[in-house]
Every structure is written in structure tokens, then in C-alpha cells.
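A.B. asks:
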Amino acid sequence: MTATAVQERADDRLMETTMTWLRAVLVPPAGTAEPASRPPSSDHESARQARRRLEEALAADPAPRFTRLCDSLGMGAFERDVALLCLAHALSTEVARLCAAMPESRGGAPTFALAMALAVDEEFDAAAPDRQAGMTRVCAAAEWNALSPDRPLRHWRLLEVCQPPGSALISGALRMDERVVNHLRGLDHLDDRLLPLVVPVPPDHLDTLASATQRARLVGALERLDHVSRRRQRLLVQLPGGDPTTKRLMAQCISGAVGRRLHRVSLPQLPPGADLSAVVDLWNREVHLQDVALLVDAGSTAPDATQTLARLLDGLTGLVFLDVQDAVPRVDTALVLDVARPEAAEQRSMWGQVLPDGAGEWPARLAGQFDLNLGEIVETAASVGGDELSPGEVAARTWDAQRARARPRLEGLAQRVTADTRLDDVQLPDRERGLLRQIADQTRYRVRVYDEYGFRGKLPRGLGITALFSGESGTGKTMAAEGLADELRLDLYRVDLASVVSKYIGETEKNLRQVFDAAEQSGAVLLFDEADALFGRRSEVQDSHDRYANIEVSYLLQRMEAYRGLAILTTNMRSALDPAFLRRLRFVVPFPFPGPDERERIWRGVFPTEPGGAGEPRRYRIAGVHRIDTAALARPGLTGGQIRNIALDAAFLAAAGDGVLTMELLRAAAREELRKGGRPFVGADFAAWVTPDGAAPAEVPS
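Sequential numbering of the sequence shown, starting at 1, is according to UniProt numbering.
(1) Which residue wins for smallest C-alpha separation from TRP283, given the options LEU194, MET350, ASP275, PRO200?
(2) With distances taken from CA atoms, which of VAL417, ARG456, SER470, VAL515 is nearest ASP486?
(3) Could you give the first and the last residue of the continuous alpha helix (DSSP H) run that contains VAL495?
(4) Do the CB positions of ALA367 and ARG348 come within less than 8 Å of each other?
(5) Using a threshold of 8 Å, state whether the C-beta atoms of ILE568 and LEU526 are closer than that.
(6) Buried or exposed: GLN369, going by 16 or more other Cβ atoms within 10 Å of its Cβ?
(7) For ARG53, which beta-bridge partners are listed by DSSP?
(8) Under the assumption that ARG13 contacts ALA77 (Cβ atoms under 8 Å), give the Cβ distance between them as a whole number of angstroms.
(9) Near ARG175, what residues of its chain come up, given a Cβ to Cβ distance below 6 Å and the 5 sequence neighbours on each side ignored?
(10) Please return the same chain residues whose Cβ sits closer than 7 Å to the Cβ of VAL500, not counting the five positions on each side in sequence.
(11) Which of the three DSSP states, helix, strand or coil, is assigned to PHE321?
(12) In the structure shown, what three-state DSSP assignment does PHE78 receive?
(13) Would you tell me roughly how many angstroms separate the C-alpha atoms of ALA631 and ARG667, rounded to the nearest one?
(14) Do ASP529 and ARG494 count as a contact pair if the criterion is CB distance below 8 Å?
(15) Can you give me the C-alpha to C-alpha distance between residue 760 and GLY375, rounded to a whole angstrom?
(16) Just mark ALA655 as buried or exposed, buried being the case when its beta carbon has 16 or more other beta carbons within 10 Å.
(17) Taking 7 Å as the limit between beta carbons, can you name the residues of its chain near PRO129, skipping five residues before and five after?
(18) Could you give the distance in angstroms between the alpha-carbon of ARG264 and the alpha-carbon of VAL198?
(19) Taking only three categories from DSSP, how would you classify VAL279?
(20) Provide the residue(s) that pair with CYS162 in DSSP beta bridges, ordered along the chain.
(21) Leaving out five residues before and five after SER46 in sequence, what residues of the same chain have Cβ atoms less than 6 Å from its Cβ?
(22) Tell me which residues share the same chain as ARG400 and place their Cβ nearer than 8 Å to its Cβ, disregarding the 5 neighbours each side in the sequence.
(23) Between which two residues does the alpha helix (DSSP H) carrying PRO244 extend?
(24) In whole angstroms, what separates the C-alpha of GLY172 from that of PHE112?
(25) How is the beta strand (DSSP E) around LEU236 delimited, first residue to last?
(26) Determine the closest residue to ASP326 out of GLY464, PRO608, GLY241, ALA5, with distance taken between C-alpha atoms.
(27) Can you tell me which of the three DSSP states ASP297 falls into?
(28) Taking ILE465 as part of the beta strand (DSSP E), name the residues at either end of that continuous run.
(29) Of all the CB atoms in chain B, is at least one closer than 8 Å to the CB of LEU270?
(30) Need the endpoints of the alpha helix (DSSP H) that LEU648 sits in, please.
(31) Measure the alpha-carbon distance for TRP689 versus LYS477 and round it to whole angstroms.
(32) Near ARG574, what residues of its chain come up, given a Cβ to Cβ distance below 6 Å and the 5 sequence neighbours on each side ignored?
(33) May I have the straight-line CA-CA distance separating TRP144 from PRO103, to the nearest angstrom?
(34) Closer than 8 Å by C-beta to ARG564: which residues in its own chain qualify, once you throw out the five before and the five after it? Chain order, please.
(35) Does the beta carbon of LEU410 fall short of 7 Å from some heavy atom of the ligand GDP?
(36) Residues in its own chain within less than 6 Å of MET19 by CB, not counting five upstream and five downstream?
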């Protein structure tokens, strides 16, 4: 016989003996009509025998679910009898008929008064003083405490008391909660009232943690919890950090190791006030009804959310995990577990196992760019089909698939920049172009240098790559960031300062932390345009505003140093940046005003082209561009941004005319571009911007 069948047999025997006991004790007082279906009244001896059989069923081995619940909740003998009476009433219409004949019943439902009357009948024989006198003595004893809201029947919401206005508490109809009835009959599910808030988390086991460091951290946590669990009713495990996936994985593994099913609740979704107390009570009851654990996603740390979290943690019992950015100072915390994803070397080994042989440097590149767990690595690799592809093509598609999977983490926090810009399109002097290549190489080969060459242990901080692009507006700073992202095959996200900077104290730091954490997990390149607005100099403290502004800058200095990805900052005012911040930058790339050679290369590449025929060079898509004198165009001092604007405006002028781009159209566009910036248009500078006389623009081959 299976364990489930043995348990059901013990529960059924308890219900059979309960019904026998109730038939013996639910006897109306003399002069009260009995229901027609009721057997003849039993004497006190038969009632005592039924009671003995009931006690034997309650003490059986294995214990019925009812007995285990009573012991778990600390219920007394009288409270147990009340619960048995209500359970039988919920399961049997016969009990309702028996109760209806009793004067203490209300509409056929049990009441505290009826339960006390049964206690009187069992305590006093027929020769004792009248029923009311005995009942008064019982009420004066411990049974009266069962009505208290602090006692298990009402504290754990086992019973609902339907008390009409103006009536006594003991005369209110009692009804056992449906969730409790289902549990006692072997149907365990989460309470319906918790389902909109509490979500079950699929189980995971120790094998999911392929990382040796993660397994060691988990084993240590289990040993610590086993040591402190003997002295605590509630085990609170705090999981600080910005990696919710790993924290959830750790909570799953710990819960599975101790035989509990993990559920998750989001703090911002919880109701306030009395409704929160009801949720806490229902969950605490679930802890006694079944083996469950709760993961609380702290989410927002606003003042009202902090108060809600404090009330929640004060009330919860059982095994509770707290997903929070920073550990909450609480004296009753059982364990603060700093979770972390597998180390870069471990992730590289995992990528090598899931990618086909011959993937080359791709495992190292993937491990260096994306910070993932084993499950995430397996899911990404499985999403890429590649039976007909080479190992390198499979790895490249895996890279792109992970980019796509990671994008939602940054959506809403920053704006993704999509541009078809190659690093070779950026026109800079040789030294600055070399710096851009160094940035790309250091990003690409981080795992080799940090792990294979052993520099990770020497550099606990500053493992990320931060670069400052400084120069006048239009000199190509943003374009260079786009080219780097394209070269590295990564997404570029521009941080919107309007969504980050807040007038409320501490909110700017929280917003920036979300951006950095999401960027580290997604492997994206962060672009801070006009960085001097966010990374400015710290000033002398004159008032509280200066003090908190300096705190923001100090936090940014620390966070940028700890950031593990590639972050690019652009500024037109390098002198406005804090000197301490400049010292923490890996690269500082000046973007000088372009010289004639750079300007000519920009002009040559600014007009769109398309592939030519077989063996033919690429051709321009706008008629007349092949006759443009790029050397003459490069003579006036213009920035790359101005050149792009002039080319675009001239293309619109050509589209509105005969569809042919000419030097005169470019000259007209340049005049408006300079006027827009408040710069005078000097005709001598643009004297060569004319189409040669007598030469009609040639047609571009179709």
C-alpha cells in the first residue's frame, strides 16, 4: 500500500469515528423533537465508547492530517472538537440535520454554544446539575479562550463566524474555511485569495548550478540554515544584489533541498493596510498546511514600499527569501547570501560544452560579454538551429540570439540606437583611430587577459572599459560609439538623462544602478551623451542641495569603476568633468576639428551607395554625385555633423527639383546650415562649390 493510500485510510477512519461520536452526542434535551431519520438516542456509555474510538483514531500512526494540523497550530482539546464538528458539518448533510435539532444551533450550523453544550454533556452525567449550570462552568474554564482572536481557530482563519448584529459571539454560526476542508481531505492547492498575488516558481535542483563557486555557496547556506532553524520560527534569507535570475535560482535550490515548493510575490503588487495583514495570515496558514517557501521581490524602495516591506517581514513565518538590492538591516535575519553568477572562466567552459566543436574564440567572447547562468546559456544555445551551418556560424547566431534575449532588460531604462555605421566610417587622425581600435580589442579579449593571464585577481575593481569622447559638437563622437558597437556586434543604448536624474534625494543613484545592472547582464554598450551634465565636478558644500549633488557624483565614480561592461561618455566640455572621474577612465579620446584630409574622406562617404554589376565598383544612388568635387567641398572648415546635414539637405533639394545633385545645391544647403549655427557664410570659402560651365550632369546608370 502506498503512503498516500495509508494516509487516506487514516483520514477516512477519523471521519467515520467522528460521525459515530456526533450521532452519540448530538442528542436534543428532553422534550425536543428528534429528526425522523435519527436512530434512537444512545446512553452515556455508548457516547463514552464513541469518544474512546475517536481518540484512538486521532492518535493513530500515521497520524491523520487533522491531527497534524492541530498539533502544528497548537490547538487545545476543546478547539479540536470544535474544528471536528465544523469539518463534519462541511462534509456531511447528516450532521446538518443533527445540528438542526439542537437548541444551540443556528439554522442547522454549529456554534460555539453548541460545542460548549457537547462539552457539558461529556463532562457531566445525567444526574449532574442542569445543563445551563454545567455550561456556565465550562464557559468559565479554558474553553472560553477558544473564542479569542489570538487562539488558533480564529487567528489562523480556520473558522468563519457568522454573527448577526446584536447577537452573542457564541451563538454565531460557524463554517470551516474551504481551503482548510480541502487540505484535510488531501486536496492541497494555494488559497484562491493568494493566487492573484503569489506565483509558484518551477523547482530547480543542485544540478542546475554548474558553477563550483555557486554550489559551494549553496552548501554553506544550507549548513547555516540547518544550524539556525532549530531556534527560529521564521527563517529570513536576504539575497542582495542586482541579479534577480541568480537569486531566484538560489532560492529554488535551497527550497528544493529542504523539501519546500517556492512561490514568489512582488512587493509593489501587495495591498496596503488591513488587506496586507489578511494576505500575511493566509500565507502563514499555507506554511502550516503544506511545505512552501516564499520569495519576496522587494522591487521599489520608495518610503511607502519600505514601510510595506517592514510590515510584511514582521508578519511572515516559515522560510522567506528577500530579493533586494541592498541588505535590509534586520536583527532576525537568518542569513545574508551574496549570490553571484558563475565566474567568467566557468561560463566559458559552459559555452564550450553547448557550442559545436570548432567554435574558436566564440566561447571566450560570449563569456566575456554576457553574464549568464547555466540555464540561460543552454536556453540561448537551444534557440539556434544549426545542423547545416558551420560551427562559427552557429556561434555567431548564438551571439545575436543572446543580444535579442537581453534587450528587454534595458528597454524603458535607455534608448537603443540603431545605425548602419562602421568603425571605418569614422574619420579621425591615426592616433585617435588607433585608440578606438584599442577599445574594441580590450572589449573583445577581456576573458583572455583577465582569466588566462591572471589579471582578474590583481584587479578587483575597474574590470570594465570606460571611454570618454571629448570634442566639439559634430566631430563624430556619437558616430564613433555607433561604429564601436557595430565592430563588437553589440547593441548600443543611449542613457536618457531625463529618465535618470531625479529631484528626489537618492532616486538618481537608484535609477543609475538599475541602468548599470541591466547593462551588465545584457552585454550592451552604454552611451552617456552630454556626460558633463551627469558627471560634473563636485562643488564646495553650501547647502543640502550641494551635499546631495556631491553624493550623486561620488556614487557615479564608484559605480563606473565597478562597471564590467563598455561605457562611452561624450562631452563638449571636458573641463567640466570631475578630475577624480577622469582618473578612473580607461580611455580618453579627443575628437579634434577635422582637417582637410578628414573632411574629404567624410564627403566621399556621406552619400549612399549601392553595389554595382559584376566586376563594377559601387555606384551612388543619387544622380550627379559622381561629378561632385570632393576636394573643393573639403576646403571650408566644417565638422562631420555639419557635412552630413548639408548632404542631407541638398538631397532633399535635388529630390524637389530634377533629381540631380549639384554643387550649387550643396552650396545653398551649406548657407542654411551655417546660418542655423549663427556662423556667417563667407562666399570666398565656398567659391569653388560650382558645377563646371557647359557640362551637364551625367546620368547615373540604372
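Cβ coordinates follow ideal geometry from the N, Cα and C atoms, glycine included. Bear in mind that the values here come from a model prediction, so they are computed numbers and not experimental data.
C.D. replies: Straight from the coordinates:
(1) The residue you call residue 283 lines up with position 283 of the sequence shown. Residue LEU194 is the option with its Cα nearest to TRP283.
(2) Along the sequence shown, one-based indexing puts residue 486 at 486. Out of VAL417, ARG456, SER470, VAL515, VAL417 has the C-alpha closest to the C-alpha of ASP486.
(3) Taking the first residue of the sequence shown as 1, we reach residue 495 at position 495. Counting along the chain, no alpha helix (DSSP H) covers VAL495; the unbroken beta strand (DSSP E) around it starts and ends at 492-495.
(4) Numbered from its first residue, the sequence shown carries residue 367 at position 367. Numbered from its first residue, the sequence shown carries residue 348 at position 348. In this structure, ARG348 lies closer than 8 Å to ALA367 by Cβ.
(5) On the sequence shown, residue 568 is found 568 positions in, with the first residue counted as 1. On the sequence shown, residue 526 is found 526 positions in, with the first residue counted as 1. Yes, the Cβ-Cβ distance between ILE568 and LEU526 is below 8 Å.
(6) Reading the sequence shown from its first residue, position 369 is the one you call residue 369. Answer is buried; the Cβ neighbour count reaches 16.
(7) Here residue 53 corresponds to residue number 53 of the sequence shown, with the count starting at 1. ARG53 pairs with nothing; no bridge assigned.
(8) Mapped onto the sequence shown, residue 13 falls at position 13. Mapped onto the sequence shown, residue 77 falls at position 77. With a Cβ gap of about 20 Å, ARG13 and ALA77 do not count as contacting.
(9) Taking the first residue of the sequence shown as 1, we reach residue 175 at position 175. Contacts found: GLU160.
(10) Position 500 of the sequence shown, counted from the first residue, corresponds to residue 500. Excluding residues within five positions, the ones whose Cβ falls inside 7 Å are THR508, ASN511, LEU512, VAL515.
(11) Taking the sequence shown and counting its residues from 1, one reaches residue 321 at position 321. Correct three-state label for PHE321: strand.
(12) As a first step, residue 78 is located in the sequence shown; it is residue number 78 there, counting from the start. Note: PHE78 maps to helix in three-state DSSP.
(13) Along the sequence shown, one-based indexing puts residue 631 at 631. Along the sequence shown, one-based indexing puts residue 667 at 667. Going from the Cα of ALA631 to the Cα of ARG667 covers about 14 Å.
(14) Counting from 1 along the sequence shown, the entry for residue 494 is found at position 494. Counting from 1 along the sequence shown, the entry for residue 529 is found at position 529. Yes, Cβ-Cβ distance for ARG494 and ASP529 is below 8 Å.
(15) Here the chain has residues from 1 to 702 only, and residue 760 is not among them.
(16) Here residue 655 is taken as the residue at index 655 of the sequence shown, counted from 1. Looking at its Cβ environment, which holds fewer than 16 other Cβ atoms inside 10 Å, ALA655 is exposed.
(17) Translated into positions along the sequence shown, residue 129 becomes position 129. Any reading at PRO129 must be qualified, since the residue scores a pLDDT of 49, below 50, and its modelled position is unreliable; no value is offered.
(18) For the purposes of this step, residue 264 is identified with residue 264 of the sequence shown, where counting begins at 1. For the purposes of this step, residue 198 is identified with residue 198 of the sequence shown, where counting begins at 1. So the alpha carbons of these two residues sit roughly 6 Å apart.
(19) Taking the sequence shown and counting its residues from 1, one reaches residue 279 at position 279. Looking at VAL279 - three-state DSSP - the assignment turns out to be helix.
(20) In the sequence shown, the residue the question calls residue 162 occupies position 162. Per DSSP, ALA173.
(21) Taking the sequence shown and counting its residues from 1, the one referred to as residue 46 is at position 46. Around SER46: ALA24.
(22) Your numbering for residue 400 matches position 400 in the sequence shown. Per the sequence shown, the amino acid found at residue 400 is Asp instead of Arg. Around ASP400: ARG489.
(23) If you number the sequence shown from 1, residue 244 lands on position 244. First-last of the alpha helix (DSSP H) with PRO244: 244-257.
(24) Mapped onto the sequence shown, residue 172 falls at position 172. Mapped onto the sequence shown, residue 112 falls at position 112. So the alpha carbons of these two residues sit roughly 7 Å apart.
(25) What you label residue 236 is simply residue 236 of the sequence shown in a count that begins at 1. Start and end: 234-240.
(26) Residue numbering aside, residue 326 sits at position 326 when the sequence shown is read from its first letter. Answer by Cα proximity: GLY241.
(27) Taking the first residue of the sequence shown as 1, we reach residue 297 at position 297. Note: ASP297 maps to strand in three-state DSSP.
(28) Translated into the one-based positions of the sequence shown, residue 465 becomes position 465. That run of the beta strand (DSSP E) goes 465-471.
(29) No chain B is part of this structure, which consists of one protein chain only.
(30) Within the sequence shown, residue 648 is the residue found at index 648, counting from 1. Residues 640-656.
(31) The count along the sequence shown starts at 1 and reaches residue 689 at position 689. The count along the sequence shown starts at 1 and reaches residue 477 at position 477. Their Cα atoms are separated by approximately 28 Å.
(32) Residue 574 sits at position 574 when you count from the first residue of the sequence shown. SER470, listed in sequence order.
(33) Start at 1 with the first residue of the sequence shown, and residue 144 comes out as number 144. Start at 1 with the first residue of the sequence shown, and residue 103 comes out as number 103. One C-alpha to the other measures close to 19 Å.
(34) In the sequence shown, counting from the first residue as 1, residue 564 sits at position 564. So the qualifying residues of the chain are ASP371, LEU463, GLY464, GLU520.
(35) Here there are no bound small molecules, and the ligand GDP is not part of this structure.
(36) Position 19 of the sequence shown, counting from 1, holds the residue named residue 19. Nothing listed; no residue qualifies.
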